[in-house]
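In the working numbering, the protein residues as written are 1204 to 1335.
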């Protein structure tokens, strides 16, 4: 009886470890951290939850976006997004084309949203528009 209980405990432990391993490998937050370390692009968002901010890893910088719900002609949608960078020192080397790329990526998930950048990105985008 004790041997059978011990075997059952081992099987349950193996299944639990396998489950935790799969959860770890598929965790989007881990993928965001990994993309940040490698300087790659990754968009981490819960599209169904407007209250949760989204995060973007791009060229070694982490951007955070705050979503605001509003009304459109037919429904309630995300109509405004404010985006800022966590560490302004990581912006070195990024161009306006990089920010246009990020805007396009955000628009794929939120096509009706107006995207606003917080300083210093906002100033760069204004300067670029004024010089054209």
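No residue lacks a Cβ here, since even glycine has one placed at the ideal position from N, Cα and C.
Note to self: What does DSSP give as the partner residue(s) for residue 1283 in the beta ladder?
What the structure shows: 1271, 1317
Notebook entry, point to check: Taking the C-alpha atoms as reference points, what is the distance between residue 1295 and residue 1256?
Noted result: 24 angstroms
Notebook entry, point to check: DSSP state of residue 1225, grouped into three classes?
Noted result: In this structure, residue 1225 counts as helix in the three-state DSSP scheme.
Item checked: Cutoff 8 angstroms; reference residue 1305; Cβ partners in own chain excluding five residues on either side -> 1259, 1261, 1266, 1286
Checklist line | Of the residues 1316, 1237, 1320, the one placed nearest residue 1291, counting alpha carbons only | finding: 1320
Margin query: Distance check for residue 1314 and residue 1276, CA to CA, integer angstroms please.
Written below: Straight-line Cα distance between these residues: approximately 14 angstroms.
Checklist line | Best match in 1263, 1303, 1220 for proximity to residue 1240 [C-alpha to C-alpha] | finding: 1263
Notebook entry, point to check: Nearest-angstrom Cα distance between residue 1270 and residue 1253?
Noted result: 6 angstroms
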